[in-house]
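Note that the sequence shown covers residues 53 to 165 in this note's numbering. Don't be surprised by glycine CBs; every beta carbon is placed ideally from N, CA and C. Worksheet: one structure, shown below.
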Amino acid sequence: MTENIAEKSCTPCRGGIPPLTRDEAAGYVSQTPGWDLLDDGHLIRRKFKFDDFKQALAFVDKVGQLAEEERHHPDVCFGWGYAEISLQTHKIKGLHENDFILAAKVNQLPRSS
């Protein structure tokens with residue numbers, strides 16, 4: 053994987069394909085610093101920290117805009133001083149390249165309002 057994953061775009065996942073294996077997913081994790089491979093390789097998650105609720109909310113809004121642009125949507129949990137983003141492709145019950153593309157793009161988002 054020599055291509056910068058953040059330069060790719062998410063493609064619609066129609067289902068019916070196997071999710072990435074744990075080893076395949078581990079290869080992508082190296083391109084998405086800060087993200088953890090969880091749930092036996094079926095989910096990635098990253099927690100972002102902020103100085104206050106307003107900054108966390110602004111970041112979550114940016115994540116939402118990005119998700120709409122990429123047509124790939126994370127699970128988001130946030131509160132005062134933090135935002136936690138989780139990714140998996142529900143149609144295949146595991147990870148797809150799209151999850152790592154979006155994770156890499158989330159990493160590039162500005163973290164202040």
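Residue i burial status per 10 Å Cβ neighbour count (16 or more: buried)
| i | result |
| --- | --- |
| D151 | buried |
| A78 | exposed |
| C129 | exposed |
| K101 | exposed |
| Q117 | exposed |
| L12 | Outside the shown range of the chain (53 to 165) lies residue 12, about which nothing can therefore be said. |
| L72 | buried |
| F111 | buried |
| L90 | exposed |
| T63 | exposed |
The alpha helix (DSSP H) enclosing residue i, as first and last residue numbers
| i | result |
| --- | --- |
| G79 | 74-81 |
| G116 | 105-122 |
| A155 | 149-160 |
DSSP beta-bridge partners of residue i
| i | result |
| --- | --- |
| I144 | In DSSP, I144 forms no bridge with anything. |
The ligand GTP heavy atom lying under 7 angstroms from the CB of residue i
| i | result |
| --- | --- |
| F102 | Ligands are entirely absent from the displayed structure, and the ligand GTP is therefore not among its contents. |
Limits of the beta strand (DSSP E) - the one that residue i falls within
| i | result |
| --- | --- |
| S138 | 134-139 |
| C129 | 127-131 |
| F102 | Per DSSP, F102 belongs to no beta strand (DSSP E) and is neither H nor E. |
| D88 | 88-90 |
If we count Cβ pairs, one from each stretch, closer than 8 angstroms, do we get three or more for the region 91-104 versus the region 143-150? yes
Check whether the region 156-165 touches the region 79-89, counting contact only when three or more Cβ pairs, one atom from each stretch, lie closer than 8 angstroms. yes
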